[in-house]
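Novice: Under the numbering used here, the first residue of the sequence shown is numbered 111, with each subsequent residue one higher.
Heads up, the beta-carbon is just placed ideally off N, CA and C, and yes, glycines get one too.
In this text, all values refer to a predicted model and were calculated from it rather than measured experimentally.
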Amino acid sequence: MSRLVVVSNRVALPDETRAGGLAIALRAALKERGGLWFGWSGRTVKDVPGPVHTLADGNVQYATLDLLREDHEQYYNGFSNRTLWPLLHFRLDMVDYDRAIYAGYRRVNALFAERLAPLLRDDDTVWIHDYHLIPLAALLRERGIGCRIGFFLHVPLPSSDLVAALPEHGRLFSALSACDLVGFQTQRDLERFQDYMRLFGHGRVLEPGLIEGPGGRRFRAGAFPISIDTAHIASQAAAAVNKPAVRDLRTSLAPRQMAIGVDRLDYSKGLPERFSAFKRYLTRHPDQRGRLTYLQIAPVSRGDVDAYRNLRHELERSAGHINGSHAEPDWTPLRYVNRNVPHATLTGFYRAARVGIVTPLRDGMNLVAKEYVAAQDPADPGVLVLSIFAGAARELDQALLINPYDLDGVADAIASAATMPRDRRIERWHAMMEHLRAHDIAAWRRDFLQALDAA
Ligand code: ADQ
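Here it is as C-alpha cells:
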C-alpha cells in the first residue's frame, strides 16, 4: 500500500485533545498506511514564512506551515469563508468577492504546493480536503507531481448556474480535473458537478462518474457520504449518563422533556428559522405547553466575518423575545448556550433529548444528525427532526423530514416528535441505526481510498 498524504487547511497534531471525529478518522487512515499530514500550522507571521515545521509520531509525520497574516486573512476569512462558503451553500446574496482576496487564496494554494511538492514521493497517494484547497491538485501537477491525487468536498456543490456567477469559476473548478478522484457528499452534488463540467467546465461526462477535463485528462468522480464512529458514539453516550454535567442537565429539566440543537453558529444551519419555528410550535400547540424545553448549543465560529457577528446578535434578540413572551416563572422554554461542550458530554446530552432538531438551510452532510441517532437509548430512543437540505437526509429517511423554510411544518414535526409512541420511535430509530452501523466513518475512508487506488 502506498504512503498516504492528507492535506487540509488545519492539521490535528497528535497532542490535540479536542480533535473531532473527522480528524481521528484521518489519523487512523494515516496510521494504517503510514503517512504525512500537511497543512497550515494555525499561526500567522508578519514576515515571509519560514520552512515547514515537522513532527513525527510513529509512522505518521506532520508538516505544517505558517502563513503571512495578510495572506491568511485573504485566503481564509476572505475567499474561503466570505466567497466560497456562501456560494457553495446556495447563498449568492451573501457572496462577497473581490480580486484581491481571490489572489490571496491562490497565493496560499501556491505556497502549499511549493512546500508540499518536495516532500512527495512518486508512489504516494495524496488526499486533499475541502473548499480551501480547490486549486491545489492542479498546482501540484504544474510542479511535475505525478502521483495519485484525490479531493473530497465536505460542503455541497450548488447548481452550475450559481457556480458560474463566481468570476474565475472556470479556472477554479476545472482545476479539479487534475485529480484522479473527486468525491462529494451526495449523489446530487456529484450530478451537479457533472452538469457543471459539461455546461461550463469544457469537459465531457464519458459515463456517470468518469469525466474528461478540458485538457483531455480523464478522472473519476463519486459520492462518498461521510459518517461518524457509530459504535464509539453509542458506547460513549451510554457511559455519559453518569457524568455530572449530564445528570445536572437531566435534573434541571425534570419532569419535562428536552429538544436539542447543536450547531456551529453559522447562517447555513438555519438557526433564526429554527427559533421562529420553535416559537410557532409554542403558539400552534398550546396543549403541549410546558412539555418540552429546547436546548440550543451554538458555539461562536468565524467571529471575524461580519455576517457571523450579525447572526449572533439576531439570535440573541430572538432568544430573548421567545423567552420574554413564553416563559413561566418556573420554566424557560429556550436555553441558548454559546459554548463548546466536550464531545463525550455532548453525546450524553443527545441521549437525554427526546427530540433532535437539525434544520440547516443547506449542509454537505451534517454529522450532528448522525451523532444524535447513534447516541440514543435503544429501549427509549428520541426522534430526529431533519432538514431535507442536509446531505444526511438522503440516508436518514426515517427521521421526520422537514423543509426548514416551512415554519408551520417544522413546528408540527416538533409536536409529533414530542408525542410519538415508543414503539414507533424504536422502529424509526432501528432503521437509521442499522444504516449508521454499516456506513460508519471507517467505511467512508475505506471506500474513498479504495476508489482512489482504483482510479
Ligand atoms: P460542520 O459545518 O462543522 O462540518 P457538522 O457536520 O454538523 O458541521 O459537524 C460538526 C461537528 O462539531 C460535530 O461532530 C459536532 O458534534 C461538533 N460540535 C458542534 N457543536 C459543538 C459543541 N458545542 N461542542 C462540541 N462539539 C460540537 C462540515 C460540513 C458538514 C459536514 C462536515 C464533515 O459543513 O456538512 O458534515 O464538515 O464533512
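For a quick check, are the C-beta atoms of Ile338 and Leu477 less than 8 Å apart?
Specialist: Taking 8 Å as the Cβ cut-off, Ile338 and Leu477 qualify as a contacting pair.
Novice: How long is the line joining the alpha carbons of Ala489 and Gly458, rounded to whole angstroms?
Specialist: Distance between the alpha carbons of Ala489 and Gly458 is about 15 Å.
Novice: Thinking C-alpha only, which one of Ala462, Glu183, Ala521, Arg399 is nearest Ala349?
Specialist: Ala349 has its Cα closest to that of Ala462, out of Ala462, Glu183, Ala521, Arg399.
Novice: Look up Ile255 in the DSSP assignment and say whether it is helix, strand or coil.
Specialist: In this structure, Ile255 counts as coil in the three-state DSSP scheme.
Novice: For Leu456, is the beta carbon positioned less than 7 Å from some heavy atom of ligand 1?
Specialist: Indeed, a heavy atom of ligand 1 lies less than 7 Å from the Cβ.
Novice: Find the nearest neighbour of Gln486 within the set Arg153, Leu136, Val451, Gln346, judged by alpha-carbon distance.
Specialist: Nearest C-alpha to Gln486: Gln346.
Novice: With distances taken Cα to Cα, identify the nearest neighbour of Leu165 among Ala173, Ser118, Pro159.
Specialist: Taking only the C-alpha atoms, the option nearest Leu165 is Ala173.
Novice: Using a Cβ-based criterion (distance less than 7 Å to any ligand heavy atom), does His545 qualify as near ligand 1?
Specialist: Because no heavy atom of ligand 1 lies under 7 Å away, the Cβ of His545 does not count as near it: no.
Novice: Taking only heavy atoms of ligand 1 into account, decide whether any of them is closer than 7 Å to the Cβ of Pro161.
Specialist: Not so, every heavy atom of ligand 1 lies at least 7 Å from the Cβ.
Novice: Do Leu198 and Leu123 have their C-beta atoms closer together than 8 Å?
Specialist: Against a cut-off of 8 Å, the Cβ pair of Leu123 and Leu198 comes out as no contact.
Novice: Restricting to Cα atoms, I'd like to know which of Gly144, Ile370, Ala500 is closest to Asp299.
Specialist: The option with the nearest alpha carbon to Asp299 is Ala500.
Novice: Compute the Euclidean distance between the alpha carbons of Tyr482 and Thr455, then round it to the nearest angstrom.
Specialist: If I take the Cα positions, the gap works out to 12 Å.
Novice: Would you check if the segment 169-188 and the segment 221-239 touch, i.e. whether three or more CB-CB distances between them fall below 8 Å?
Specialist: Output reads yes: the segment 169-188 touches the segment 221-239.
Novice: I need the straight-line Cα distance from Asp533 to Gln508, nearest angstrom please.
Specialist: Approximately 14 Å between the Cα atoms of the pair.
Novice: Among Met307, Thr340, Ile336, which has the Cα closest to the Cα of Gly325?
Specialist: Out of Met307, Thr340, Ile336, Met307 has the C-alpha closest to the C-alpha of Gly325.
Novice: Starting from Phe222, follow its DSSP beta bridges and name the residues at the other end.
Specialist: BP columns for Phe222 are empty, so no partner.
Novice: At the level of alpha carbons, what is the spacing between Gly466 and Leu494?
Specialist: About 5 Å.
Novice: Can you tell me the Cβ-Cβ gap for Trp147 and Leu140, rounded? I've got them flagged as a contact below 8 Å.
Specialist: Their Cβ separation, rounded to whole angstroms, is 6 Å, which keeps Trp147 and Leu140 in contact under 8 Å.
Novice: If I'm right that Tyr377 touches Ala437 with Cβ under 8 Å, what's the distance once you round it to whole angstroms?
Specialist: Between Ala437 and Tyr377 the Cβ distance is about 26 Å, and since that is not below 8 Å, they are no contact.
Novice: What residues sit near ligand 1, counting only those whose C-beta is closer than 6 Å to one of its heavy atoms, in chain order?
Specialist: Every residue passing the under-6 Å Cβ criterion appears here: Gly130, Gly131, Leu132, His264, Val265, Ile336, Val372, Arg374, Ile407, Pro409, Asn450, Val451, His453, Leu456, Asp473, Gly474, Met475, Asn476, Leu477, Val478, Glu481.
Novice: Output needed for Phe200: all residues of its chain with C-beta closer than 7 Å, excluding positions within five of it in sequence on either side, in chain order.
Specialist: Here the set comprises Pro268, Leu272, Arg472.
Novice: Tell me which same chain residues have a C-beta within less than 7 Å of the C-beta of Gly319, skipping the five on either side of it?
Specialist: Excluding positions up to five away in sequence, the list reads Arg330, Ala331, Gly332.
Novice: Determine which residues share a DSSP beta bridge with His431 and list them.
Specialist: Partner(s): none; His431 has no beta bridge.
Novice: Please go through the same chain and pick out, in chain order, the residues whose beta-carbon is closer than 6 Å to the beta-carbon of Leu291, but skip the five residues on each side of it.
Specialist: Only Gly260, Arg330, Ala561, Leu562, Ala565 meet the Cβ criterion.
Novice: Taking 8 Å as the threshold, find out whether the segment 396-415 comes into contact with the segment 362-377 through three or more Cβ pairs.
Specialist: Yes, the segment 396-415 touches the segment 362-377.
Novice: Mind reading off the beta-carbon distance from Ser526 to Leu510? Whole number of angstroms is fine, and I expect it under 8 Å.
Specialist: Between Leu510 and Ser526 the Cβ distance is about 6 Å, and since that is below 8 Å, they are a contact.
Novice: Rank Tyr391, Val218, Val265 by C-alpha distance to the C-alpha of Thr403 and give the top, closest one.
Specialist: Of the listed residues, the one whose Cα sits closest to Thr403 is Tyr391.
Novice: With Leu243 and Asn119 assumed to form a contact (beta carbons below 8 Å), what rounded beta-carbon distance in angstroms separates them?
Specialist: The pair is a contact, with the Cβ atoms about 7 Å apart (cut-off 8 Å).
Novice: Determine which residues share a DSSP beta bridge with Thr154 and list them.
Specialist: Beta-bridge pairing links Thr154 to Leu177.
Novice: Is the beta carbon of Leu202 sitting closer than 8 Å to the one on Ala247?
Specialist: No, they are not a contact pair.
Novice: When we look at the beta-carbon of Ala387 and count the other beta-carbons within 10 Å, is it buried (16 or more) or exposed?
Specialist: With 16 or more Cβ atoms within 10 Å of its Cβ, Ala387 is classed as buried.
Novice: Exposed or buried, what is Glu505 when buried is set at 16 or more other beta-carbons lying within 10 Å of its beta-carbon?
Specialist: Label assigned to Glu505: buried.
Novice: Tell whether a beta-carbon distance below 8 Å holds between Tyr207 and Leu136.
Specialist: No, these two residues do not count as a Cβ contact at 8 Å.
Novice: Considering Gly167, what are the terminal residues of the beta strand (DSSP E) in which it resides?
Specialist: A quick correction: the sequence has Asp, not Gly, at residue 167. Per DSSP, Asp167 belongs to the beta strand (DSSP E) from 163-167.
Novice: Restricting to Cα atoms, I'd like to know which of Pro365, Met475, Leu381 is closest to Asn448.
Specialist: When only C-alpha atoms are compared, the closest one is Leu381.
Novice: Spatial neighbours of Thr296 within its chain, please: C-beta separation below 7 Å, excluding the five flanking residues on both sides.
Specialist: Within the same chain, Thr296 has close Cβ partners Ala333, Pro335, Gly501, Arg504.
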